[in-house]
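Undergrad: As given, the protein sequences belong to chains S and L, one line each in that order.
Going letter by letter, the first sequence gives residues 158 to 560 in the working numbering.
Going letter by letter, the second sequence gives residues 158 to 560 in the working numbering.
Number of protein chains: 2
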Amino acid sequence: MEFDLIKSLLIRNTKSKIVLLVMDGLGGLPMEAGGLTELEAAEKPNMDALAGKSMLGLHQAIRTGITPGSGPAHLSLFGYDPVKFAVGRGVLSALGVDFDLQKSDVAARGNFCTVDADGLITDRRAGRIPTEVGERLCQLLNDKVRIPGVEVFLRPVKEYRFLLVIRGEGLSANIEETDPQTLGVKPLPATAIDPNSEKAAGIIREFVRQAQEILKNESPANMLLLRGIAQLPDWPSFPEVFGLKSVAIAMYPMYRGVAKLVGMDSPPAANSYEEEIDLLEKLWNDYDFFFVHIKKTDSYGEDGNFANKVHEIEKVDALLPRIMALDPSVLIITGDHSTPCAMKTHSWHPVPTLMYAKTCRPDGINSFGERACRQGGLGVRFPGFELMPLALAHAGRLEKFGA
Amino acid sequence: MEFDLIKSLLIRNTKSKIVLLVMDGLGGLPMEAGGLTELEAAEKPNMDALAGKSMLGLHQAIRTGITPGSGPAHLSLFGYDPVKFAVGRGVLSALGVDFDLQKSDVAARGNFCTVDADGLITDRRAGRIPTEVGERLCQLLNDKVRIPGVEVFLRPVKEYRFLLVIRGEGLSANIEETDPQTLGVKPLPATAIDPNSEKAAGIIREFVRQAQEILKNESPANMLLLRGIAQLPDWPSFPEVFGLKSVAIAMYPMYRGVAKLVGMDSPPAANSYEEEIDLLEKLWNDYDFFFVHIKKTDSYGEDGNFANKVHEIEKVDALLPRIMALDPSVLIITGDHSTPCAMKTHSWHPVPTLMYAKTCRPDGINSFGERACRQGGLGVRFPGFELMPLALAHAGRLEKFGA
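Rendered as structure tokens:
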């Protein structure tokens with residue numbers, strides 16, 4: 158959807174409220190032929206009752222057949238086509254560890270790796286060292302690397318993965334990765350792809366030189382590789398495009414981070430679903446748009462734990478009356494992508510979606526599930542990034558186009 | 158769908174197999190109000206049973222309301238948006254008669270026509286001369302036309318229609334058609350639209366001059382008109398874009414030709430549906446992707462022969478167990494377009510589509526037909542060129558997008 162079109166039609170003098178409730182990895186599959194999906198199996202009387210007054214459908218975040226990562230999937234729900242609004246892995250890494258990335262910072266996703274006596278890579282993941290070792294090595298590099306004129310930050314992510322951030326003036330990040338993605342060769346030099354990125358590329362090369370010296374007696378993690386060297390994107394902000402004072406309510410840094418990336422406020426983490434709804438109630442009068450993120454549906458999907466994924470959905474269902482008591486103008490209940498327990502991973506399957514609004518044309522289907530959503534008025538395989546304009550309309554926030 | 162996106166996500170180290178079974182002109186209409194379509198009327202227990210384990214939908218090859226020709230319709234099924242990947246009629250003519258077109262050849266679709274004593278066109282189709290006359294005239298021109306530095310090939314197509322190919326160095330085909338598409342005027346001169354095409358335009362004008370001299374005593378076919386002057390397109394190849402070693406199994410040159418156009422292998426024709434399946438079995442271990450083309454559903458549609466079109470579908474159904482015995486990862490059963498017997502011609506109606514895959518979220522609809530497909534999870538009126546990315550996903554051949 159064209160942002161300029163939306164902005165040109167915005168109505169601002171309204172107090173209507175939009176809630177986007179995302180159960181991460183919501184979409185599923187039956188575990189055996191003829192069975193129910195996780196969402197279909199869940200006892201969720203509140204959602205089923207709401208479905209009868211709502212529109213249903215199945216969205217896909219990116220394109221048909223494409224399995225979304227969490228970052229792009231949320232961008233889509235926020236109205237940003239993730240193919241057009243690409244965000245570097247370095248930036249996503251920073252969001253994931255709650256690093257407060259600044260406009261001119263250059264971020265990269267790093268791997269500790271193993272090289273032999275000739276400097277040739279023998280293991281791109283350094284034997285998948287434990288997280289504690291990764292933490293110690295990041296600390297070592299934080300303590301010892303010194304590059305005049307810039308600050309260098311290392312943050313452990315998990316096991317062999319870390320975040321590198323370079324902070325200084327006049328940095329650009331159009332720089333080749335140093336990870337050759339193969340064994341038996343040396344890491345590549347960080348090479349600038351355009352002249353503006355020469356300065357940052359030189360700094361990264363110097364960082365790598367010092368790091369190799371500092372790590373040389375470590376085993377197996379005696380070297381590092383950098384990928385997805387990137388800066389914060391300069392995108393139109395969500396509050397500006399959609400005319401909504403907006404806030405993210407989430408337990409995990411990654412989701413607050415993606416929301417922050419598009420300009421939403423992002424208060425400190427809640428520690429439970431109940432606390433998330435507490436926060437929603439507390440902030441109700443201060444914002445127009447509320448993104449509420451539920452993580453564990455995805456985690457249990459990744460574990461292949463069908464019963465627990467079902468149970469998480471039921472827990473959210475039990476909290477739904479508190480959300481409805483706030484009387485939202487529009488409530489969207491969906492996932493960012495599917496994470497079927499049967500596959501134990503993110504998948505490309507379209508995601509069940511419910512949109513409740515006072516002005517909606519209800520499908521009259523008293524059930525929220527994959528098969529029910531197939532029959533709904535939102536359609537099957539519609540782009541996730543079309544939800545926001547539709548929500549704006551139902552919130553009475555868009556003028557007529559033309560006379 | 159963006160080819161670059163797909164290519165960036167390809168997983169290559171998998172042995173999964175994709176079969177695209179195209180029953181040409183599959184989509185139909187009831188012959189009278191309240192009746193069944195051809196596909197609905199067919200007794201096809203194997204397809205109906207497979208439907209219950211599959212996803213259904215109705216695709217359209219080009220755009221809503223647009224009736225596809227066979228070439229563009231197949232390009233769409235191969236994942237190429239036919240509006241973006243336009244192929245000249247001259248090239249399609251060459252494919253249709255199994256002419257081995259080379260990269261620098263210039264091909265045109267020709268009509269024999271009738272002109273009066275002043276050279277003004279009186280019949281653009283020369284009274285629809287019989288095919289044998291067209292064959293004799295092509296032979297005459299092949300024997301007599303001589304243009305220094307280039308080879309000229311004429312091939313009969315059907316009745317008044319023929320193929321012209323000019324072979325030489327440095328030819329480009331951005332050239333105006335000579336057919337004015339009206340009566341009472343002279344044929345237009347072949348005029349280059351850009352400087353690179355001057356050479357070929359000059360050769361075509363010389364060809365037309367010699368042809369008019371050679372044909373002057375013929376009646377009624379004493380002149381010719383050229384349309385769709387074109388060269389082989391320089392497109393990303395199907396095996397490269399989708400990472401699939403690919404083969405076309407078809408009885409007619411046109412369909413092997415379109416497959417060859419996008420870089421599929423194209424072994425000699427099979428002579429029956431049984432031989433097509435024999436070939437499929439024989440090639441099973443050598444390829445990743447198999448396009449199997451069934452022609453006669455379309456032919457009987459064009460004839461308006463409802464009973465025979467139904468019977469062809471039933472013959473294909475009887476062969477389905479042999480395909481399923483190969484255990485394809487993904488099987489798509491669809492048509493390239495609709496050819497309703499009630500209309501006796503190609504039509505714009507969306508085409509019934511079944512996608513079976515082990516990872517699919519089955520619709521649970523135990524019937525394959527136009528009405529059943531309307532309820533399916535693939536959706537109604539979805540672009541035919543989205544089938545390939547979805548098939549890749551279900552074949553485990555696409556990585557996650559972003560983190």
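A virtual CB, placed ideally from N, CA and C, is assigned to each residue, including glycine.
In the DSSP assignment, find the alpha helix (DSSP H) that holds Gln367(L) and state where it starts and stops.
TA: Taken as a continuous stretch (DSSP letters only), the alpha helix (DSSP H) holding Gln367(L) covers 355-372.
Undergrad: Using 8 Å as the Cβ pair cut-off and three pairs as the minimum, do the segment 238-256 of chain S and the segment 404-413 of chain S touch?
TA: Contact holds: three or more Cβ-Cβ distances are below 8 Å.
Undergrad: For chain L, check one thing: does any of its Cβ atoms lie closer than 7 Å to the Cβ of Val537(S)?
TA: Taking Cβ atoms only, chain L reaches closer than 7 Å to Val537(S), which makes this a yes.
Undergrad: With a CB to CB cut of under 6 Å and the five nearest residues on each side skipped, what residues in its chain are close to His231(L)?
TA: These residues qualify, in order along the chain: Val415, Asp493.
Undergrad: So which residues on chain L does His216(S) lean against when the C-beta distance must stay under 7 Å?
TA: Within chain L, no residue comes near His216(S); the closest Cβ sits about 12 Å away, beyond 7 Å.
Undergrad: Which ranges does the beta strand (DSSP E) cover as unbroken runs of at least 3 residues, wholly within the segment 315-346 of chain L, from first to last along the chain?
TA: Complete beta strand (DSSP E) runs here, min 3: 318-324.
Undergrad: For Thr171(S), count neighbouring Cβ atoms within 10 angstroms of its own Cβ and tell me buried if that reaches 16, exposed if not.
TA: When all chains shown are included, Thr171(S) counts as exposed.
Undergrad: Between the segment 390-403 of chain S and the segment 418-430 of chain S, are three or more C-beta pairs nearer than 8 Å?
TA: Contact between the segment 390-403 of chain S and the segment 418-430 of chain S is present, because at least three Cβ pairs lie under 8 Å.
Undergrad: Using a C-beta to C-beta distance shorter than 7 Å, which residues of chain L count as neighbours of His506(S)?
TA: Correct list: Arg518.
Undergrad: Grouping DSSP H, G and I as helix and E and B as strand, with all else coil, what is Arg528(S)?
TA: Here Arg528(S) sits in helix by DSSP.
Undergrad: DSSP three-state label for Ile168(L), please.
TA: Coil.
Undergrad: Could you list which residues in chain S have their beta carbon closer than 8 Å to that of Pro344(L), in chain order?
TA: Going along chain S, no residue has its Cβ under 8 Å from Pro344(L), so there is no contact; the nearest lies around 46 Å.
Undergrad: Counting only C-beta atoms, is Arg531(S) closer than 7 Å to chain L at any point?
TA: Output row for Arg531(S): interface = yes.
Undergrad: Just checking: is the beta-carbon of Leu249(S) within a distance shorter than 7 Å of some beta-carbon in chain L?
TA: Yes, Leu249(S) counts as interfacial toward chain L.
Undergrad: What residue ranges within the segment 168-235 of chain S form continuous beta strand (DSSP E) runs of no fewer than 3 residues, ordered along the chain?
TA: Entirely contained in the segment 168-235 of chain S, the beta strand (DSSP E) runs reaching 3 residues are, in chain order, 175-180, 212-217.
Undergrad: Find the nearest neighbour of Val449(L) within the set Ser456(L), Asn442(L), Asn299(L), Leu437(L), judged by alpha-carbon distance.
TA: For Val449(L), the nearest C-alpha among the options comes from Leu437(L).
Undergrad: Only counting runs of 3 or more residues, tell me where the beta strand (DSSP E) segments fall wholly within the segment 231-272 of chain S, in order along the chain.
TA: With a minimum length of 3 residues, the continuous beta strand (DSSP E) runs that stay inside the segment 231-272 of chain S are 263-272.
Undergrad: Hey, Val240(S) and Arg220(S) are a contact pair by Cβ (cut 8 Å); roughly how many whole angstroms apart?
TA: About 7 Å separates the two Cβ atoms, so the contact holds.
Undergrad: Whether or not the segment 311-322 of chain L and the segment 265-283 of chain L are in contact is what I'm after, with contact meaning three or more pairs of Cβ atoms, one per stretch, closer than 8 Å; do they touch?
TA: At 8 Å Cβ cutoff, the stretches touch.
Undergrad: On the CB-based measure, 16 or more other CB atoms within 10 Å of its CB, does Leu162(S) come out buried or exposed?
TA: It is exposed - the Cβ of Leu162(S) has fewer than 16 other Cβ atoms within 10 Å.
Undergrad: Check whether the Cβ of Phe235(L) lies closer than 7 Å to any Cβ atom in chain S.
TA: With 7 Å as the cut-off, Phe235(L) does not count as an interface residue toward chain S.
Undergrad: For Glu289(S), which residues in chain L fall below 9 Å Cβ to Cβ?
TA: What Glu289(S) touches in chain L: nothing, since even the nearest Cβ is about 23 Å away.
Undergrad: Please report how far the alpha carbon of His468(S) lies from the alpha carbon of Ala199(S), in whole angstroms.
TA: If I take the Cα positions, the gap works out to 7 Å.
Undergrad: Looking only at its chain, what residues have a beta carbon closer than 6 Å to the beta carbon of Thr454(S), apart from the 5 residues adjacent to it on each side?
TA: Hits under 6 Å: Met180, Asp181, Gly182, Leu183, Lys466, Glu469.
Undergrad: Within this structure, are the beta carbons of Tyr513(L) and Ser211(L) separated by less than 7 Å?
TA: Result yes, Cβ atoms of Tyr513(L) and Ser211(L) sit closer than 7 Å.
Undergrad: Express the C-alpha separation of Asp351(S) and Val263(S) in angstroms, rounding to a whole number.
TA: Using only the alpha carbons, I get a separation of about 15 Å.
Undergrad: Identify every residue that forms a DSSP beta bridge with Lys557(L).
TA: Thr224(S).
Undergrad: Grouping DSSP H, G and I as helix and E and B as strand, with all else coil, what is Gly284(L)?
TA: It is helical.
Undergrad: Assign Gly222(L) to buried or exposed, taking buried as 16 or more other Cβ atoms, counted over all protein chains shown, within 10 Å of its Cβ.
TA: Counting Cβ neighbours within 10 Å, Gly222(L) comes out exposed, since fewer than 16 surround it.
Undergrad: Quick one: measure Cβ to Cβ for Ile386(S) and Leu297(S), integer angstroms, because I've assumed they're closer than 8 Å.
TA: Ile386(S) to Leu297(S), Cβ: 22 Å. No contact.
Undergrad: Looking at the C-beta of Gly341(S), does it have a partner C-beta in chain L at a distance below 7 Å?
TA: No, its Cβ sits nowhere closer than 7 Å to a Cβ of chain L.
Undergrad: What are the uninterrupted segments assigned as alpha helix (DSSP H) that are 4 or more residues long and contained completely in the segment 372-454 of chain L, given in chain order?
TA: Complete alpha helix (DSSP H) runs here, min 4: 395-399, 410-418, 430-440.
Undergrad: I need the DSSP call for Arg479(S), collapsed to helix, strand or coil.
TA: It is helical.
Undergrad: Name the residues in the segment 473-487 of chain L whose C-beta lies less than 9 Å from a C-beta of chain S; which are they?
TA: Result list empty, no residue passes.
Undergrad: What are the boundary residues of the alpha helix (DSSP H) that Met545(L) is part of?
TA: Here the alpha helix (DSSP H) through Met545(L) covers 544-551.
Undergrad: What is the rounded straight-line gap between the Cα of His551(L) and the Cα of Ala378(L)?
TA: Approximately 54 Å, taken between the alpha carbons.
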